[in-house]
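Enquirer: Anchor point for the sequence shown: position 193 equals 255 in the working numbering, and the numbering is continuous, going up by one each time.
Just so it is clear, CB atoms sit at the ideal spot from N, CA and C, and this is done for glycine as well.
Just so we're clear, the structure is a prediction, and the values are computed from it rather than from any experiment.
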Amino acid sequence: MTTTTPLLQVRDLRVQIGERTVLQSVSLNVPAGSLAVLMGANGSGKSTLGMALAGHPSYHVTGGQALLAGQDLLPLAAHERARAGLFVSFQSPPDIPGVKNNLFIRTALNAVHEARGEQPLDAFDFLASAKQSAKELGLPETLLARPVNEGFSGGERKRNELLQLALLQPRVALLDEIDSGLDVDGVRAVVGLVQRLRAQGTGFVVVSHYLTMIEQLEPDAVLRLDQGRIAETGGMELARGIARTGFVRPREAVEA
Ligand SMILES: Nc1ncnc2c1ncn2[C@@H]1O[C@H](COP(=O)(O)OP(=O)(O)OP(=O)(O)O)[C@@H](O)[C@H]1O
Ligand SMILES: [Mg+2]
63 MTTTTPLLQV
73 RDLRVQIGER
83 TVLQSVSLNV
93 PAGSLAVLMG
103 ANGSGKSTLG
113 MALAGHPSYH
123 VTGGQALLAG
133 QDLLPLAAHE
143 RARAGLFVSF
153 QSPPDIPGVK
163 NNLFIRTALN
173 AVHEARGEQP
183 LDAFDFLASA
193 KQSAKELGLP
203 ETLLARPVNE
213 GFSGGERKRN
223 ELLQLALLQP
233 RVALLDEIDS
243 GLDVDGVRAV
253 VGLVQRLRAQ
263 GTGFVVVSHY
273 LTMIEQLEPD
283 AVLRLDQGRI
293 AETGGMELAR
303 GIARTGFVRP
313 REAVEA
């Protein structure tokens, strides 16, 4: 399902970390049900875009706009952006020692339910649906009872991000290198979940360096970030061109 009204509208976003401006002017539109793949060399600012949109305090937005379903995200705190329907996965999901995974996810889910005017889930109902989603994502359900990400393998951390995505069902999701560290079944699980949510109207920005998953995701657009802006926009041919020749792009390709 793809509509033309953008769910997420980012206009001329300028982001500074400390003294350094990492994003100069980034603009992109994410319509409901659409998927854009964001590519760019290491250090080009892909994760910075995710962190700035999520409201991480170290990433200072010094210009531009970000609207989610017409609502200005920038004055909102990180938790308010999540309640408004934004989900940003971590490239390197951190540990949260002492906080049980199931309690963490249930608290987030119920905050989102409350914001949508839905009933909170009790511990019993939550656990049933979390176990079901964990099974679909190939995540051992014993990880629900452990502290968030503590001692999780690289792939388990990524699957745990997917579990949150599956349960929270956001309006817009930015997935940051969700495929790195995932085995083939994990990549298949990402594609299945993303396509299911997309059919329900969730809009996606997916950061990835690898064609394997990008091909399967059937993106509506492929964007290349360079010098703090979207330097190129295209389709799968852009992703294939980058895979073939790298990020040093021939002038003809950029101008085409
Ligand atoms: N918290 C931070 N403090 C200082 N510098 C930062 C911070 N976060 C990012 N940077 C710098 O900003 C630049 C962009 O980093 P970012 O993580 O957004 O790149 P990326 O495109 O996601 O790269 P990769 O493909 O390696 O994940 C890098 O030069 C990085 O060192
Ligand atoms: Mg990154």
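#1: Ligand 1 and D157: does the residue's C-beta get closer than 8 Å to at least one heavy atom of that ligand?
#2: Going by Cα to Cα distance, which pick from P281, G254, T274 and S270 is closest to S106?
#3: Run the Cβ filter for me: residues under 7 Å from any heavy atom of ligand 2, listed in the order they occur in the chain.
#4: Quick check on DSSP: helix, strand or coil for N104?
#5: Looking at the structure shown, is G179 part of a helix, part of a strand, or coil, going by DSSP?
#6: Any chance the CB of Y121 is under 8 Å from a heavy atom of ligand 1?
#7: So the candidates are N211, V92 and P119; which of them puts its Cα closest to the Cα of Q78?
#8: Could you have a look at D184 and say whether DSSP puts it in helix, strand or coil?
#9: Does the beta-carbon of A139 have 16 or more other beta-carbons within 10 angstroms, so that it is buried, or is it exposed?
#10: Does any heavy atom of ligand 1 sit closer than 8 Å to the C-beta of A305?
#11: From this set, T83, G132 and N104, which residue's C-alpha is nearest A114's C-alpha?
#12: Would you report the Cα separation of R233 and F152, rounded to the nearest angstrom?
#13: Ends of the beta strand (DSSP E) at A361?
#14: Is the CB-CB distance between A94 and G265 below 9 Å?
#15: Between the Cα of N163 and those of R143, A196, A98 and G132, spot the shortest distance and give me the residue it belongs to.
#16: So within the region 149 to 229, which uninterrupted beta strand (DSSP E) runs reach at least 3 residues, ignoring any that extend past its ends?
#17: Can you tell me where the beta strand (DSSP E) with V79 in it begins and where it stops?
#18: For the beta strand (DSSP E) containing D238, list its first residue and its last residue.
#19: Verify the contact flag: L273, CB atom, against every heavy atom of ligand 1, threshold strictly below 8 Å.
#20: Compute the Euclidean distance between the alpha carbons of V72 and P155, then round it to the nearest angstrom.
#21: Compute the Euclidean distance between the alpha carbons of L236 and D184, then round it to the nearest angstrom.
#22: Label R178 either buried or exposed according to how many other C-beta atoms from any shown protein chain fall within 10 Å of its C-beta, with 16 as the threshold for buried.
#23: Does R143 come out as helix, strand or coil in the three-state DSSP assignment?
Expert: On the basis of the coordinates in this document:
#1: As a first step, residue 157 must be located in the sequence shown, where it is residue number 95. Flag unset: Cβ of D157 not near ligand 1.
#2: Indexing the sequence shown from 1 puts residue 106 at position 44. A check of alpha carbon separations from S106 across P281, G254, T274 and S270 identifies S270 as the nearest.
#3: Close to ligand 2, as judged by a C-beta nearer than 7 Å to any of its heavy atoms, are the residues K108, S109, Q153, D238, E239 and V269, in chain order.
#4: Position 42 of the sequence shown holds residue 104. DSSP, read as helix, strand or coil, puts N104 in coil.
#5: Stepping through the sequence shown from its first residue, residue 179 is reached at position 117. If DSSP states are grouped into helix, strand and coil, G179 belongs with coil.
#6: Residue 121 sits at position 59 when you count from the first residue of the sequence shown. Yes, the Cβ of Y121 comes within 8 Å of a heavy atom of ligand 1.
#7: The residue you call residue 78 lines up with position 16 of the sequence shown. For Q78, the nearest C-alpha among the options comes from P119.
#8: Stepping through the sequence shown from its first residue, residue 184 is reached at position 122. D184: coil per DSSP, three-state reduction.
#9: Counting from one through the sequence shown, the residue named residue 139 turns up at place 77. A139 comes out exposed.
#10: Within the sequence shown, the letter at position 243 stands for residue 305. False, no ligand heavy atom lies under 8 Å from that Cβ.
#11: If you number the sequence shown from 1, residue 114 lands on position 52. The alpha carbon of A114 has as its nearest neighbour, out of T83, G132 and N104, the alpha carbon of T83.
#12: Walking along the sequence shown from the start, residue 233 turns up at place 171. Walking along the sequence shown from the start, residue 152 turns up at place 90. Each residue's Cα considered, the two are about 17 Å apart.
#13: Residue 361 lies beyond the range of the chain shown here (63 to 318); nothing can be said about it.
#14: By 1-based counting over the sequence shown, the position of residue 94 is 32. By 1-based counting over the sequence shown, the position of residue 265 is 203. Against a cut-off of 9 Å, the Cβ pair of G265 and A94 comes out as a contact.
#15: If you number the sequence shown from 1, residue 163 lands on position 101. N163 has its Cα closest to that of A196, out of R143, A196, A98 and G132.
#16: For the region 149 to 229, whole beta strand (DSSP E) runs of length 3 or above, ordered along the chain, are 158 to 162.
#17: Along the sequence shown, read from residue 1 onward, the residue named residue 79 stands at position 17. Per the sequence presented here, residue 79 reads as Ile, with Val not at that position. From DSSP, the beta strand (DSSP E) with I79 extends over P68 to I79.
#18: In the sequence shown, the residue the question calls residue 238 occupies position 176. First-last of the beta strand (DSSP E) with D238: V234 to D238.
#19: As a first step, residue 273 is located in the sequence shown; it is residue number 211 there, counting from the start. Using a cutoff of 8 Å, the CB of L273 does not count as near ligand 1, since none of the ligand's heavy atoms is closer than that.
#20: For the purposes of this step, residue 72 is taken as residue 10 along the sequence shown, with counting starting at 1. For the purposes of this step, residue 155 is taken as residue 93 along the sequence shown, with counting starting at 1. Put simply, the backbone Cα of V72 is about 25 Å away from that of P155.
#21: Taking the first residue of the sequence shown as 1, we reach residue 236 at position 174. Taking the first residue of the sequence shown as 1, we reach residue 184 at position 122. If you take the alpha carbons of L236 and D184, they lie about 28 Å apart.
#22: As a position in the sequence shown, residue 178 is number 116, starting the count at 1. It is exposed - the Cβ of R178 has fewer than 16 other Cβ atoms within 10 Å.
#23: As a working note, residue 143 is residue 81 in the sequence shown. Look at R143 here: in three-state DSSP terms it is helix.
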